[in-house]
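So the structure is just underneath, and the comments pick up after that.
Residue numbers (the UniProt record's numbering), protein chains in the order written: chain A, 1 to 297; chain B, 1 to 247.
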């Protein structure tokens, strides 16, 4: 919690955090916030511009764009968040086991990770979609399948540094069990690192899912999704460019907010800003962590 | 009694597929008697920290045995409440998220269970290492080097072990603080009747605190001698080390 408090001292980060919380709340309670049914067709209102009844206008089938935008939060942001949390959880479990126990366990798990990481992520996603058919859940499944290895890698590095520290050594000497050492000493220490890597890939995952929906591989027709809304507006891109604005801005704002927040997370774990007790590990991190962090895109 | 019998340890050099190994310890044997303070003297790279990890049971030797009262120290239950440690780097010796109270409490709850009534115990431990009870709520980064090392010592003696391994425990402290900590260790030894294994590169500190010292060089035991007969060392290496100090 100290960590979050530090992060929110930064005004941009606090604003980003507020935006994300607001977007997610609206998304979760979409039926409450949406003024209209997002799938209700009004052919007489095709491409109508903004009005008091329909704040952001109507799309090519006369559906309320604002309502579709609000319902679109569910797959675009919440779905991605769920996939992200699951893959971070899986990656964390494997990373902790590999980083703490080392030896053969580590070698075997990391070779499995290497295999997973050697597939280009877009190709694997397309393969999963090819095998299981189009649909949001299949793309999220592909994310889960691909991202855990990357998370496991980074969390392992972080856990390794901490498990070499003398307080973990002392706990081992004193006879504290492995599970208790992980719970009491390693999880709190590794949590900021996990927050940083998870948030930094959150943004790219939101973009990817919008991209796949734009290509028609994600969520299917009557349901709303931001990428798909962009695709629908593409037909009138030159005659009525304003229809690209709403979903486009939504994606940009959310991804920017995520990226700013993730930057603030990184700054908060930065050695120069943190307490002196972190000094030592940060040096190792500078050498090991930075390189890997760049692989995210 | 701690019985070390022909321990060997080597680490793999280079990557995963490399067969090349670096032998760090070559068949070291010695006994540590309860209540004794044994100094282990060696230069950096002599394998003394590796030896410490083996004695503490957090690493296993490749060959040979380390037994405490007949049981293998690698067994967590065998060393529970019997052996403890103070490390060199006091900054990484304490969980930065813990208060002093929680730090000192850890070995106590481990040994006596979570519902151990610790009230008063922590105050008296802090008092014994020369710290005010007000330190209970402080975090590690708020402590100076000497204070931090005192907290580490309080933590090490908390569960009243028979043996404490001090791995370069005073090496990163200032000269005057070193003497204070050495005196503290002497007092605690009298109070609890426990013994130390004092690992250091500093002969003077070892001579000040220990009953017996052993010299380690390149993973081999060079010589073992009582502190009062330190001037009579036979091996050229020990003589050389001694000469360096006297000069």
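Where is the CB? At the ideal position from N, CA and C, for every residue including glycine.
If we ignore side chains and look at the alpha-carbon of each, how far apart do residue i and residue j end up?
i	j	result
residue 52 of chain A	residue 161 of chain A	58 Å
residue 188 of chain B	residue 128 of chain B	8 Å
residue 157 of chain A	residue 7 of chain A	23 Å
residue 109 of chain B	residue 209 of chain B	30 Å
residue 160 of chain B	residue 194 of chain B	8 Å
residue 60 of chain A	residue 253 of chain A	24 Å
residue 231 of chain B	residue 12 of chain B	38 Å
residue 171 of chain B	residue 86 of chain B	12 Å
residue 91 of chain A	residue 120 of chain A	18 Å
residue 97 of chain A	residue 197 of chain A	18 Å
residue 65 of chain B	residue 73 of chain B	9 Å
residue 127 of chain A	residue 217 of chain A	11 Å
residue 163 of chain B	residue 197 of chain B	7 Å
residue 149 of chain B	residue 83 of chain B	18 Å
residue 37 of chain A	residue 67 of chain A	7 Å
residue 262 of chain A	residue 199 of chain A	5 Å
residue 212 of chain B	residue 26 of chain B	21 Å
residue 110 of chain A	residue 35 of chain B	46 Å
residue 99 of chain A	residue 155 of chain A	8 Å
residue 194 of chain A	residue 108 of chain A	22 Å
By Cβ distance below 6 Å, which residues in the same chain neighbour residue i in space, the five residues on each side in sequence not counted?
i	result
residue 95 of chain B	none
residue 144 of chain A	83, 86, 87
residue 65 of chain A	56, 57, 59, 246
residue 146 of chain A	121, 124
What is the DSSP secondary structure of residue i, reduced to helix, strand or coil?
i	result
residue 22 of chain B	strand
residue 12 of chain A	helix
residue 214 of chain B	strand
residue 237 of chain A	coil
residue 224 of chain A	coil
residue 209 of chain B	helix
residue 224 of chain B	strand
residue 90 of chain B	coil
residue 200 of chain B	strand
residue 99 of chain B	coil
residue 138 of chain A	helix
residue 105 of chain B	helix
residue 219 of chain A	coil
residue 114 of chain B	coil
residue 176 of chain A	coil
residue 12 of chain B	strand
residue 102 of chain A	coil
residue 230 of chain A	helix
residue 199 of chain A	helix
residue 7 of chain B	strand
residue 211 of chain A	helix
residue 2 of chain B	strand
residue 163 of chain A	helix
residue 195 of chain B	strand
Give every residue of the same chain whose Cβ lies closer than 7 Å to the Cβ of residue i, excluding the five residues on either side of it in the sequence, and list them in chain order.
i	result
residue 10 of chain B	21, 22, 23, 24, 62
residue 105 of chain B	118, 122
residue 78 of chain B	68, 71, 72
residue 203 of chain B	41, 241, 242, 245
Is it right to say residue i is buried, meaning 16 or more other beta carbons lie within 10 angstroms of its own, or is it exposed?
i	result
residue 115 of chain B	exposed
residue 131 of chain A	exposed
residue 234 of chain B	exposed
residue 101 of chain A	exposed
residue 172 of chain A	buried
residue 140 of chain A	buried
residue 179 of chain A	exposed
residue 48 of chain B	buried
residue 138 of chain A	buried
residue 29 of chain B	exposed
residue 232 of chain A	buried
residue 25 of chain A	exposed
residue 185 of chain B	buried
residue 159 of chain A	buried
residue 11 of chain A	exposed
residue 167 of chain A	buried
residue 240 of chain B	exposed
residue 229 of chain B	exposed
residue 94 of chain A	buried
residue 115 of chain A	exposed
For residue i, which residues in the same chain have their Cβ closer than 8 Å to its Cβ, ignoring the five residues on either side in sequence?
i	result
residue 43 of chain A	61, 62
residue 41 of chain A	61, 62, 63
If you scan the stretch 27-90 of chain A from start to end, which runs of the alpha helix (DSSP H) of 4 or more residues do you find wholly inside it? 30-33, 65-73
So within the stretch 120-183 of chain B, which uninterrupted beta strand (DSSP E) runs reach at least 3 residues, ignoring any that extend past its ends? 163-167
Ranges of the alpha helix (DSSP H) found wholly within the stretch 28-71 of chain B, counting only runs of at least 4: 48-55
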